[in-house]
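Visitor: Residue numbers (the numbering used here), protein chains in the order written: chain Z, 684 to 909; chain L, 71 to 532. Here a beta-carbon is modelled for each residue, glycine too, at the ideal position from N, C-alpha and C. Remember, predicted model here, so these are calculated numbers, not experimental data.
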Amino acid sequence: MRLLLVEDNERLAGLMAGGLARAGFAVDAFGSLEEADAAVAAADYDLILLDLGLPDGDGLAWLKAFRGRSQGIPVLVATARGGLGDRVSGLDTGADDYLVKPFEMDELLARCRALLRRPGSCLATVLTAGNVAFDTVSRRISVGGRAIDAPRRELDLMEILLRRAGQVVTRPVLEESLYGFNDEVTPNALEAHVSRLRRRLAEAGADAAIHTVRGVGYLLRAEGAA
Amino acid sequence: MTGRLGIGVPRQRRSVAQLITVRLVVVAILVMAAQVVLVAFHYGLDGSRLGLRVAASEAERLADHVAAGADGRPVLDLPEEHAARYRRHPDAYGFRIVDGRGNVVAGMNDGLFTVPLPEPATAPDLFWRTIPDGTGQVRILAQRFDAIKPGFLICVAIAADPDHTAWGVLAHEVMDHVAIPMVPLALLLLAVNVFAVRRTLLPLGRAAGQARKLDVRRGGLRLDAGEDLPREVHALVSAVNAALGRADEVLRFQRDFTANVAHELRTPLAVLLLELDGIGGPAAAAAKRDVQAMSRLVDQLLRVAQLEGLAAEPPARVDLAEVGRETVRRLAPLAVDQGRELEFQDDGAAAVAGHRDAIAGALRNLVENALRATPRGTAVTVVAGPGAVIEVRDRGPGIEPALRDGLFDRFTQGDRRTRGAAGLGLAIVAKAMEIHAGGVTVAGRAGGGSCVRLLFPEPPPP
Numbered sequence: 684m685r686l687l688l689v690e691d692n693e694r695l696a697g698l699m700a701g702g703l704a705r706a707g708f709a710v711d712a713f714g715s716l717e718e719a720d721a722a723v724a725a726a727d728y729d730l731i732l733l734d735l736g737l738p739d740g741d742g743l744a745w746l747k748a749f750r751g752r753s754q755g756i757p758v759l760v761a762t763a764r765g766g767l768g769d770r771v772s773g774l775d776t777g778a779d780d781y782l783v784k785p786f787e788m789d790e791l792l793a794r795c796r797a798l799l800r801r802p803g804s805c806l807a808t809v810l811t812a813g814n815v816a817f818d819t820v821s822r823r824i825s826v827g828g829r830a831i832d833a834p835r836r837e838l839d840l841m842e843i844l845l846r847r848a849g850q851v852v853t854r855p856v857l858e859e860s861l862y863g864f865n866d867e868v869t870p871n872a873l874e875a876h877v878s879r880l881r882r883r884l885a886e887a888g889a890d891a892a893i894h895t896v897r898g899v900g901y902l903l904r905a906e907g908a909a
Numbered sequence: 071m072t073g074r075l076g077i078g079v080p081r082q083r084r085s086v087a088q089l090i091t092v093r094l095v096v097v098a099i100l101v102m103a104a105q106v107v108l109v110a111f112h113y114g115l116d117g118s119r120l121g122l123r124v125a126a127s128e129a130e131r132l133a134d135h136v137a138a139g140a141d142g143r144p145v146l147d148l149p150e151e152h153a154a155r156y157r158r159h160p161d162a163y164g165f166r167i168v169d170g171r172g173n174v175v176a177g178m179n180d181g182l183f184t185v186p187l188p189e190p191a192t193a194p195d196l197f198w199r200t201i202p203d204g205t206g207q208v209r210i211l212a213q214r215f216d217a218i219k220p221g222f223l224i225c226v227a228i229a230a231d232p233d234h235t236a237w238g239v240l241a242h243e244v245m246d247h248v249a250i251p252m253v254p255l256a257l258l259l260l261a262v263n264v265f266a267v268r269r270t271l272l273p274l275g276r277a278a279g280q281a282r283k284l285d286v287r288r289g290g291l292r293l294d295a296g297e298d299l300p301r302e303v304h305a306l307v308s309a310v311n312a313a314l315g316r317a318d319e320v321l322r323f324q325r326d327f328t329a330n331v332a333h334e335l336r337t338p339l340a341v342l343l344l345e346l347d348g349i350g351g352p353a354a355a356a357a358k359r360d361v362q363a364m365s366r367l368v369d370q371l372l373r374v375a376q377l378e379g380l381a382a383e384p385p386a387r388v389d390l391a392e393v394g395r396e397t398v399r400r401l402a403p404l405a406v407d408q409g410r411e412l413e414f415q416d417d418g419a420a421a422v423a424g425h426r427d428a429i430a431g432a433l434r435n436l437v438e439n440a441l442r443a444t445p446r447g448t449a450v451t452v453v454a455g456p457g458a459v460i461e462v463r464d465r466g467p468g469i470e471p472a473l474r475d476g477l478f479d480r481f482t483q484g485d486r487r488t489r490g491a492a493g494l495g496l497a498i499v500a501k502a503m504e505i506h507a508g509g510v511t512v513a514g515r516a517g518g519g520s521c522v523r524l525l526f527p528e529p530p531p532p
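#1: Is Ala357 (chain L) close to chain Z? Criterion is C-beta to C-beta, closer than 9 Å.
#2: Roughly how far, in whole angstroms, is the beta-carbon of Thr511 (chain L) from the beta-carbon of Val264 (chain L), given that I think they are within contact range, below 8 Å?
#3: With a cut-off of 9 Å, does the C-beta of Ala763 (chain Z) fall near any C-beta of chain L?
#4: Per DSSP, what kind of secondary structure is Tyr113 (chain L) in: helix, strand or coil?
#5: Express the C-alpha separation of Leu240 (chain L) and Leu108 (chain L) in angstroms, rounding to a whole number.
#6: Is there a Cβ from chain L that is less than 9 Å from the Cβ of Leu844 (chain Z)?
#7: What's the C-alpha gap between Ala744 (chain Z) and Ile731 (chain Z)?
#8: Note down, in chain order, each residue of its chain lying with its Cβ closer than 6 Å to the Cβ of Ala375 (chain L), except the 5 sequence neighbours on either side.
#9: Is it right to say Ala405 (chain L) is buried, meaning 16 or more other beta carbons lie within 10 angstroms of its own, or is it exposed?
#10: Would you kindly report the start and end of the unbroken alpha helix (DSSP H) that includes Glu413 (chain L)?
#11: Helix, strand or coil: which one does DSSP assign to Ser804 (chain Z)?
#12: Which one or two residues does DSSP pair with Glu461 (chain L) in a beta bridge?
#13: Quick one: is Phe786 (chain Z) near chain L, going by C-beta distance under 9 Å?
#14: Going by DSSP, which residues form a beta bridge with Met178 (chain L)?
#15: Which chain Z residues are close to Glu345 (chain L), counting only those with a beta carbon under 7 Å from its beta carbon?
#16: In the DSSP output, which residue or residues are listed as bridge partners for Thr444 (chain L)?
#17: Looking at C-alpha atoms only, which residue of Z:Leu687, Z:Gly702 and Z:Ala719 is the closest neighbour of Pro738 (chain Z)?
#18: Let me check you understand the geometry: is the CB of Ala763 (chain Z) closer than 8 Å to at least one non-hydrogen atom of the ligand GDP?
#19: Could you confirm whether any beta carbon from chain Z is found closer than 9 Å to the beta carbon of Thr337 (chain L)?
#20: Evaluate the contact criterion for the stretch 359-371 of chain L versus the stretch 310-321 of chain L: three or more CB pairs, one atom per stretch, below 8 Å.
#21: Rounded C-beta distance between Asp417 (chain L) and Pro471 (chain L)? I'm assuming under 8 Å.
#22: Using C-beta distances below 6 Å, list every residue in its chain close to Ala332 (chain L), excluding the 5 sequence neighbours before and after it, in chain order.
#23: If you check the beta carbons only, do Gln280 (chain L) and Leu293 (chain L) fall under 9 Å apart?
#24: Can you say whether Ile99 (chain L) is buried or exposed, counting buried as having 16 or more other CB atoms within 10 angstroms of its CB?
#25: On the three-state DSSP scale, how would you describe Gln280 (chain L)?
#26: What would DSSP say about Val422 (chain L), mapped onto helix, strand or coil?
#27: In three-state terms, what does DSSP make of Leu688 (chain Z)?
#28: Check the Cβ of Phe414 (chain L) against every Cβ in chain B and list those closer than 9 Å, keeping chain order.
#29: What ranges does the alpha helix (DSSP H) occupy inside the stretch 713-773 of chain Z, keeping only unbroken runs of at least 4 residues that lie completely in it?
#30: Cutting at 6 Å between CB atoms, please list the residues of its own chain near Ser860 (chain Z), excluding the five before and the five after it.
#31: What residues of chain L sit near Gly702 (chain Z), judged by a beta carbon separation below 9 Å?
#32: For the 8 Å Cβ check, are there 3 or more pairs between the stretch 210-228 of chain L and the stretch 187-200 of chain L?
#33: Spell out the partners DSSP gives Ala892 (chain Z) in its beta bridges.
#34: Just the C-alpha distance for Pro527 (chain L) and Ala763 (chain Z), rounded to the nearest angstrom, thanks.
#35: Are the CB atoms of Phe215 (chain L) and Ala133 (chain L) within a distance shorter than 9 Å?
#36: For the alpha helix (DSSP H) containing Leu299 (chain L), name the first residue and the last one.
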């Protein structure tokens, strides 16, 4: 995975690059938009980390121009501008995610991985949380390396929750993904699937659990993850 | 902070109309007094002029009592109290009534007539003589009353005035020449004055009304300096507007400054956090917690600055259920990490007019506080509705009833003693509710814990 980091604060750039490198990414760090232009022209990147306030211009303007040339590469904006309006304009301009400074290394890495995992991106096809893994190609769940059987709806459920591990997935999103337009959805169908999947994971000794957020949705979380 | 501009009208302050009215009344009274003095002076200069008036009015009064008798001839029918005066003072008052042919119809104290009276047939309309007497004067008047009978004469003699009939006449004169012409004029002037003053000050009242409703924090607001304002009022309104403009500038500067400082602090904080990650060890972990606390404070600082700015923007329709659900969705992972549950319940929440970001920020602060307060294994519940209400319930130790009142007021008023410990969280809640003209209440909860409600004004009909 090759990352382009555009950040003008040298110490921050160094620390971010170091952390990303330790996590196995190859990082090219530059401090200006001009250098960033040269870099994207010279190499293929899997992900771009972009600061907004740069010495030779505004990151958002650069991002807009860049999106005109290239659609495929995910861009994570990491900035000190944290207002809601800033977020919206950042995402509208073509950023795939928005991270407000200060952030921790773990969060930066998690966001990078999440972006690279998105459908259409080129990350590995095995999704994991704790010792639970899901192979998106063979569509099999394994806990601690041992495969477990589950019906199709539960497999779908597992995939959605794993793709957004650590985040709450709302009921409407789950229902839309699990059922077609013509399927009749009984009010308790989702609860039933969740509780069966939960039992299956617990019986297999999984250290990731599905939490219910009453009134909103469900959350898959690896125990011990903070 | 509303109403601290000092524009409110203090009680017991007199109105301009009142002040001018009092002055006008005083002037009118002075003018009338001057006129009375003038009238008195006028008669005082020439005693005979008043004497003539007194005698003429006496003749008129006598004429009033002359009526046709049984045989058709005029007869005087004088009331007893009137006649008593003549009887009491035989040396002072006298009269004689003569018909057209020279016959005396009636008379009393006739001895006072020391000069021959004119013949009825040839008498002038008014005959008037002042005859010197030993000590003073005798005033004699003969007046024709042709209306009663041609050549009918009533003669009056006054040698002294022990009954002070002159005073009554004088009062009459004052009434006729001072009170009757002056009082209506004075009243008319007063009415016109009150009307004119009220009309003139109407724009000032309007301006005061606008000023009272003015929320300085919203910025960009001015009083209406319309064409119809009188020059003096216009000067005041312009001055107030200029002051508001300066207040706007200060407010904007303060807001921008806070926001800029917060922004500038973020990058160094990010460097610190990542650096501490690299160092590791218990000391670094402790320092990291400090940096995290500081990051939260910077976040809150920025949020306060944003809230100040939001107040100036037009409100939008905000669905409280959506805000509640989204806040729970975002914060649930944090709750799960801390071994607590976070739930959402929609009890039929209404949409309100407001700023979504501000409401979500306030709610997030309350939920974060509740998660800190509630014991492990218990749940924090966000309940939207019924109506324009959203509340956060926890199972924590609760808040002392004595502390509940004014818990949020303290923060709006900027009490430094309480700020340090609690961060800016409650200040943000209070500020957010302030810009929505809403309120915050804190109540205990059956079974333990507390319940913080955010109350919004009822939404306008759709």
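Guide: On the basis of the coordinates in this document:
#1: Not one chain Z Cβ lies under 9 Å of Ala357 (chain L).
#2: 48 Å between Cβ atoms; not a contact.
#3: Residue contact check for Ala763 (chain Z) against chain L: a CB pair falls below 9 Å.
#4: Note: Tyr113 (chain L) maps to helix in three-state DSSP.
#5: Between Leu108 (chain L) and Leu240 (chain L), the C-alpha separation is close to 12 Å.
#6: The beta carbon of Leu844 (chain Z) sits no closer than 9 Å to any beta carbon of chain L.
#7: Cα to Cα, Ala744 (chain Z) sits roughly 15 Å from Ile731 (chain Z).
#8: The residues are Arg325, Thr328 and Ala329.
#9: Counting every other CB atom within 10 Å of its CB across the protein chains shown gives Ala405 (chain L) a total of 16 or more, marking it as buried.
#10: Segment Glu411 to Asp416 is the beta strand (DSSP E) holding Glu413 (chain L); no alpha helix (DSSP H) there.
#11: Here Ser804 (chain Z) scores only 48 on pLDDT, less than 50, and its place in the model should not be relied on; the value that follows carries that caveat. The answer is coil: DSSP assigns Ser804 (chain Z) none of H, G, I, E or B.
#12: In the DSSP output, where bridge partners are listed per residue, Glu461 (chain L) has L:Val453 and L:Arg523.
#13: Interface residue, yes.
#14: Answer is L:Phe165, bridged to Met178 (chain L).
#15: Think of a sphere of 7 Å around the beta carbon of Glu345 (chain L): the chain Z residues whose beta carbon falls inside it are Leu698, in chain order.
#16: Thr444 (chain L) is not bridged to any residue.
#17: Considering only Z:Leu687, Z:Gly702 and Z:Ala719, the residue with the shortest C-alpha distance to Pro738 (chain Z) is Z:Ala719.
#18: Among the components modelled here there is no ligand, and therefore nothing to report on the ligand GDP.
#19: By this cut-off, Thr337 (chain L) is an interface position.
#20: With fewer than three CB-CB distances shorter than 8 Å, the stretch 359-371 of chain L does not count as touching the stretch 310-321 of chain L.
#21: 25 Å between Cβ atoms; not a contact.
#22: By the criterion of a C-beta distance shorter than 6 Å, Ala332 (chain L) is surrounded in its chain by Val368, Leu371 and Leu372, once the five residues flanking it on both sides are discounted.
#23: The beta carbons of Gln280 (chain L) and Leu293 (chain L) sit closer together than 9 Å.
#24: Exposed, by the Cβ-count rule.
#25: DSSP places Gln280 (chain L) in helix when its eight states are reduced to three.
#26: For Val422 (chain L), the three-state secondary structure derived from DSSP is strand.
#27: Look at Leu688 (chain Z) here: in three-state DSSP terms it is strand.
#28: Annotation note: the requested chain B is absent from the structure, which comprises protein chains Z and L.
#29: Entirely contained in the stretch 713-773 of chain Z, the alpha helix (DSSP H) runs reaching 4 residues are, in chain order, 716-725 and 742-752.
#30: The residues are Ile843.
#31: Correct list: Leu344, Asp347 and Gly348.
#32: By the criterion of at least three beta-carbon pairs nearer than 8 Å, the stretch 210-228 of chain L is in contact with the stretch 187-200 of chain L.
#33: Ala892 (chain Z) is bridged to Z:Arg904.
#34: When rounded, the distance between both Cα atoms is 35 Å.
#35: Yes, they are a contact pair.
#36: Segment: none, Leu299 (chain L) is in no alpha helix (DSSP H) and carries neither H nor E.
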